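To start, the structure itself, in structure tokens.
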Amino acid sequence: MPRLEALNVTKVFGDRLFSKRRTVAVDDISLIIKEEKPTITAIAGESGSGKTTLARLLLGIIQPSAGAIHFGGQELAKMNRQDRKLFRRQVQAIFQDPFEVYNPFYKVDQVLTTPVHNFHLAASREAAQQLIADSLRLAGLQPEDTLGRYPHQLSGGQRQRIMVARALLLNPKIILADEPVSMVDASLRATILESLMKLKREMGISLIYITHDLTTAYQISENIYILYRGAVAEVGSVEQVIKAPQHPYTRLLVNSIPLPDPDLQWGGEPDVEAKAAAPSVSARSMQGCKFADRCPFVMAECHAAPPPLYHTNADRAVACYLYKEAEPVSGRAMAEYLAA
Amino acid sequence: MGSEVQINMVGDRVLDRDIHVLEVRDLRVRYQTAAGPVRAVNGVSFFLRPGERLGLVGESGSGKSTTALSLMRLLHEPAIIEGGEVLLNGVDLLRLSEEAMRKARFADISLIPQGAMNSLNPMMKIGEQLRDTVRAHRLTDSKATLDGHIHTVLASVDLRADIMEAYAHELSGGMKQRVCIAMGILLKPKVIIADEPTSALDVVVQRQVMETLGRVQKELGAAIVLVGHDMGLMAQFVNRIGVMYGGKLVEVGPVRDIFKDPLHPYTRLLIGSLPTLQSKEVFKGIPGLTPSLLAPPSGCMFHPRCPSMMAHCAVDVPPLVEIKPERWVACHLY
Amino acid sequence: MKTATLPGTTSYNAGSTRWGMARRGLAFFKNNRTFTFGLLLLLALYLFGVVGSQLTSPKRAEMGANPLNLRPTVKDPLGTDGLGRDMFAVMVIGIPNTFKIGFLAGAVGLVIGTCIGLFAGYYGGYADTLFSSFADVMLVIPALAILITVSAYVRVVTVEIMALIVGLLAWPLPARVIRSQTLSLRNRLFVEVARLSGANDFEIIMLQILPNLTAYLAASFVGAVSSGILTSVGLEVLGLGPQNVPTIGRTLFYAFKYQALFRGMWWWWGPPIVTLAIIFAGLFQLSISLDKYANPRLRGADRG
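Chains as they are written, first to last, in the working numbering: chain A, 14 to 353; chain B, 91 to 424; chain C, 1418 to 1721.
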């Protein structure tokens, strides 16, 4: 049975009675993470793509406007206290580093003692100390180097690992990592990605890796969802999506990666760029494809209705009319297929 | 490994190797903190040829941003420029009067700051801010000539003239960064310092902004110092790279040579740690921590983390020397 | 302008010992001259009341206890008023009473304001709309008008009742400040982390949000005390304050009523006015120094 499922979730902000503006932050996205086989699934997109909103939906921090998040077959919104608490323990998160995740008022210990206390993880003070020390060591830290300090007294890498330790305390099945390395220096980035891989390999934890960086997404994940303005543009295995992108937006993204090799020049397909260089003006053309106003291959039908996902390869689907010869596939079926 | 001497092309002319538009000699900057003095920039020397693109890379705390800001003399308390020379066409900027330095900023050497959103005045229209920048240096221009000039510059960074009537919050991040580029080139400086100009932008916008910056820099014939931590961006943009570690330059060389044949162990590990699309699930981080500048290691700053550490590395500070043409490195291995 | 980052510049044991904390406290007063000055000003005034009350008896502050209209002498440093009260005794009793009303009113206003601000800011939505509009309406209605009405109805006004009445109207300003800060804090990542760690709303408000509002609470408290003193003095000057004990405002009320100004009795109207001036000078110093911490736009100013 699948563990964590987002089924056709949509999140609309500013949908209240008196507000004028509506923003569709997440538009009919389905994503499935199964327990049997630990995987890393990347959700990639630029700012405004809805990736953070999707993460918050998956964590149950906000409620979807339509569709549902299920955990262990039960709908999150309808769970009782007991099940909700279990969900909290089993689905945890790691955030982008800076100080933001730490309350500047407290020592770092506080982020570790809070879950121990709230989930009654330890019977005594000593047991709690032991548990915290163990999880710090699992995250590659020495308790005596980290405990009793304020967040600003630690390095970025130490702060990030404490967040990993916090998640590990609860012995979760799924960890959602929201841009875990974007604020970390290059030399540390590799080390932290390595420890995320370890969580999968050695502890059997599935990860949802949320990022704007396609290079690291390629390196650690099996499957990837490329989001554009809240909707899935392309989804599939990283080998397909990043190595041979099909959606014009994915191609633009991949071409824009500044590769650390002076001989691999930026750019490439000039026709993709010509139009994209103009900042998109109208955010109004919402009934058709969201990329239409930037797309060099735009056709009449692109403005009429949003394209469905077309199953172009065995393990990839693209939401673009350029591939309408292929079999259309529902987002849910595709998610099911990738999770299997 | 013999690195072939390359010919750097800028526009269509070959660089004259011996002309230096900017020369920094033994720059030292100290921060006075409650816990003691911190040598953020500790004897940095480099030069910049006309029209050249030099990248200054380093991790946080390596002193790259402090170096950039001290070239503009924009550091303030608790940072103190302790010593050194910053020669712009032979004139030492560090010895100029405050007034002369104010005149030199933007006109001779300009800064495109990190986080454009914070460097634009939210209460002033973009046009006013651009006009002010020019007026601070030239009082004579009429408003019509002034605006004509500003329109030309805006067009060169792909912005429409009507942006002059906008306030900063009405613009996207990429547009704000373009405004900052426009401001930086408004007075046709000879040297542009760009301090992580795209760190807050998405990749697509980043590429577009960098391409614009590259184009206007070429048109202007100005030299540029790009400060940043993103090796990918450096690989795509600069001619030469200076790698900083713990307040010092550890290696300087042409971009291709640095990527293909890094000499300093730190550069080697740094380049090895970069994620590429060639391999999966292989991660090589650099063990250890960045040095505390309060209690810096003796000898070479990198020796506690260095895989090729030798006994005297902990004692002697290696100087930055040119071990073969165009390749400078500060390491006892050479 | 962005300043470059400096890793490894933090000292790991600063402030961890009791001595270190005392030293940091001392450093705070040393670095915040305005704050220290304002505090000393208020403290001096309060001490004047406390010490002075040992030197005289409250009896002397009663009507007819002394000869009328005496100029200040060495024995009676502030003379007596037109009703035979020893002005020194009146001030010595009046100053602490005025302080008491101000602080009580400030505390009542702050507690109510903080609760409403936290609630409205944290939950947002309709609760927020409701409370914010209510607070805005309260801010617009002249408090004095309400107070005059209420005071006129309450028969015997004691110092405590006075403080309560004033305090009940002093909450909108703190509520607004606390609400806006809560609004920004509740979206901070550490609140989300606490929620993922199983904390409930009450724990998040009390343990995550409230401690970060310390500077705002202090600034709001000073503001509430100021407005509390100002309103209470205003009421007293109109003759609506506590009737049975002397306060600064009531002394002014009598001074005006018996035309001390025209009779040249400066020792009658002078001391209360000087006292008020000192109180507000002190509170002003406190509030501007706290503003530096509570107002992020001023915060960077002296740090560079």
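C-beta: ideal position from N, C-alpha, C; glycine also. Since this is a predicted model, take the numbers as computed values, not measurements.
Within 10 angstroms of its Cβ, does Asn1726/C collect 16 or more other Cβ (buried), or is it exposed?
As displayed, chain C neither begins before 1418 nor continues past 1721, which places residue 1726/C out of reach and without an answer.
For Thr223/B, return the contacting residues in chain A, with the cut-off set at a CB-CB distance below 8 Å.
Those within 8 Å of Thr223/B in chain A number zero; the least Cβ separation is about 24 Å.
By the 7 Å beta-carbon criterion, what residues does the segment 1598-1615 of chain C contribute toward chain A?
Arg1605, Leu1606, Phe1607, Glu1609, Val1610, Ala1611, Arg1612, Leu1613, Ser1614, Gly1615
Over what stretch of residues does the alpha helix (DSSP H) that includes Ile271/B continue unbroken?
263-275
Find the residues of chain A that neighbour Thr157/B, judging by a C-beta separation of less than 8 Å, and give them in chain order.
Under the 8 Å cutoff, chain A gives no residues; its nearest Cβ is about 17 Å from Thr157/B.
Please check the pair Ile1518/C and Met1579/C, which I expect to be a contact at CB under 8 Å, by giving their CB distance rounded to whole angstroms.
5 Å
Among all the DSSP beta bridges, which residues are the ones paired with Thr325/A?
DSSP lists no partner for Thr325/A.
Helix, strand or coil: how does DSSP classify Glu88/A here?
strand
By the 10 Å Cβ neighbour count, where 16 or more other Cβ atoms means buried, how is Leu1443/C classified, buried or exposed?
exposed
When the cut-off is 8 Å and only beta carbons count, does Glu371/B lie next to chain A?
yes
Strictly below 7 Å CB to CB, what residues from chain A border Val345/B?
Pro275
Please decide whether Thr66/A counts as near chain B, where near means a Cβ-Cβ distance under 8 Å.
no
If you compare alpha carbons, which of Phe1673/C, Ile1695/C, Val1491/C, Gly1656/C is closest to Val1573/C?
Gly1656/C
Among Ala125/B, Glu189/B, Tyr424/B, Arg221/B, nearest to Gln166/A - alpha-carbon criterion
Ala125/B
Can we count Asp158/A as close to the ligand GTP, meaning its CB is less than 7 Å from some heavy atom?
As far as ligands go, the structure on display features none, and thus does not contain the ligand GTP.
Would the segment 94-108 of chain A and the segment 244-259 of chain A be scored as touching if the rule is three or more Cβ pairs under 8 Å?
no
Given that a residue counts as buried once 16 or more other Cβ atoms are within 10 Å of its Cβ, and exposed if not, what is Thr1631/C?
exposed
List, in chain order, every chain A residue whose beta-carbon is nearer than 7 Å to that of Ala321/B.
Checking the displayed sequence, the identity of residue 321/B turns out to be Met instead of Ala. Result: Ala199, Pro273.
Chain A contacts from the segment 1675-1702 of chain C (Cβ-Cβ distance under 9 Å):
none
Per the contact definition of three or more C-beta pairs closer than 8 Å, is the segment 400-415 of chain B in contact with the segment 148-161 of chain B?
no
Kindly indicate if chain B contains any beta-carbon less than 8 Å away from that of Thr159/A.
no
Secondary structure of Phe310/A, DSSP reduced to three states
coil
8 Å CB neighbourhood of Tyr334/A in its chain, flanking five on each side removed:
Cys302, Met312, Glu314, Cys315, Pro320
With a Cβ-Cβ cutoff of 8 Å, do Arg16/A and Ile46/A count as a contact?
yes
What residues from the segment 307-337 of chain A come within 7 Å of chain C, judged by C-beta to C-beta, listed N to C?
none
Start and end of the alpha helix (DSSP H) containing Trp1686/C?
1683-1711
Around the Cβ of Ala272/B, are there at least 16 other Cβ atoms within 10 angstroms (buried) or fewer (exposed)?
buried
Those runs of the beta strand (DSSP E) which lie wholly inside the segment 368-420 of chain B and span at least 3 residues:
411-414, 417-419
Close-in-space but distant-in-sequence residues of the same chain around Leu423/B (CB under 7 Å, 5 per side omitted)
Ser398
Taking DSSP as the reference, what is the three-state secondary structure of Val365/A?
Since the first residue shown for chain A is 14 and the last is 353, residue 365/A is missing from the structure and cannot be characterised.
According to DSSP, what are the bridge partners of Leu1456/C?
Partner(s): none; Leu1456/C has no beta bridge.
Which residues, taken in chain order from the segment 1621-1649 of chain C, show a beta carbon closer than 7 Å to some beta carbon of chain A?
Gln1625, Pro1628, Asn1629
For the beta strand (DSSP E) holding Glu172/B, just list the boundary residues, first then last.
169-178
Interface residues of chain C around Glu113/A at Cβ under 8 Å?
Arg1605, Leu1606, Phe1607
Let me make sure I understand the geometry here. Which of Gln171/A, His83/A, Pro275/A, Val129/A has the alpha-carbon closest to that of Leu71/A?
His83/A
Proximity to Leu1458/C [Cα-Cα], best of Lys1709/C, Phe1446/C, Ala1698/C, Ala1636/C:
Ala1698/C
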